[in-house]
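Participant: Quick one: this structure, given as structure tokens, is what I'll be asking you about.
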Amino acid sequence: MSEIAELQGLTLTGSAAKRIAWLMEQESDPGLMLRITVSGGGCSGFQYGFTFDDAVNPDDLTFEREGAKIVVDEVSLQLLSGSEVDFVEDLMGAYFKIDNPNATSSCGCGTSFSV
90 MSEIAELQGL
100 TLTGSAAKRI
110 AWLMEQESDP
120 GLMLRITVSG
130 GGCSGFQYGF
140 TFDDAVNPDD
150 LTFEREGAKI
160 VVDEVSLQLL
170 SGSEVDFVED
180 LMGAYFKIDN
190 PNATSSCGCG
200 TSFSV
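Everything in the sequence shown is counted per my numbering, starting at 90 for the first residue and increasing by one.
Structure, rendered in structure tokens:
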């Protein structure tokens, strides 16, 4: 983890790390990382995006736990600073969930937020 990443802090839970590792195994690609982005839109102003990527761009920061990696660009990280990335399985389904202390409100589905 880079010095900037340590200062801005993004936490990956054990559950999220296990799910990312499982998905990497399913894709037979140990170089895959979960890319998290924040973009304008959604019902609350900003929305989270989750994709898998095998490249790290010059403005990206990486976070790792138990061999599972997430990658976030610097602009998105400003809105995610201090957040926890978790993987949840409940009656609504199975999904990655972000607990973002910067969000002043969020939508019911948890995929968009405002600051």
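All C-beta atoms in this analysis are idealised placements derived from N, C-alpha and C, irrespective of residue type, glycine included.
To the nearest angstrom, report how far apart GLY98 and GLN115 are at their CA atoms.
Facilitator: Near 28 Å, if we compare the C-alpha coordinates of GLN115 and GLY98.
Participant: Please return the same chain residues whose Cβ sits closer than 7 Å to the Cβ of LEU96, not counting the five positions on each side in sequence.
Facilitator: Confidence is the limiting factor: at LEU96 the pLDDT is only 41, short of 50, which leaves the residue's position unreliable, though a coordinate-based value still follows. Result list for LEU96: empty, nothing under 7 Å.
Participant: Would you kindly work out how many angstroms separate the C-alpha atoms of GLY156 and ARG108, rounded to a whole number?
Facilitator: Going by the C-alpha atoms only, they are around 11 Å apart.
Participant: Output the distance between the C-alpha atoms of ALA110 and THR193, rounded to the nearest integer angstrom.
Facilitator: Roughly 31 Å separates the two Cα atoms.
Participant: On the three-state DSSP scale, how would you describe GLU155?
Facilitator: In this structure, GLU155 counts as coil in the three-state DSSP scheme.
Participant: Could you tell me the alpha carbon to alpha carbon distance between PRO119 and MET113, rounded to whole angstroms?
Facilitator: 6 Å
Participant: Are the CB atoms of GLU173 and ASP162 nearer to each other than 8 Å?
Facilitator: no
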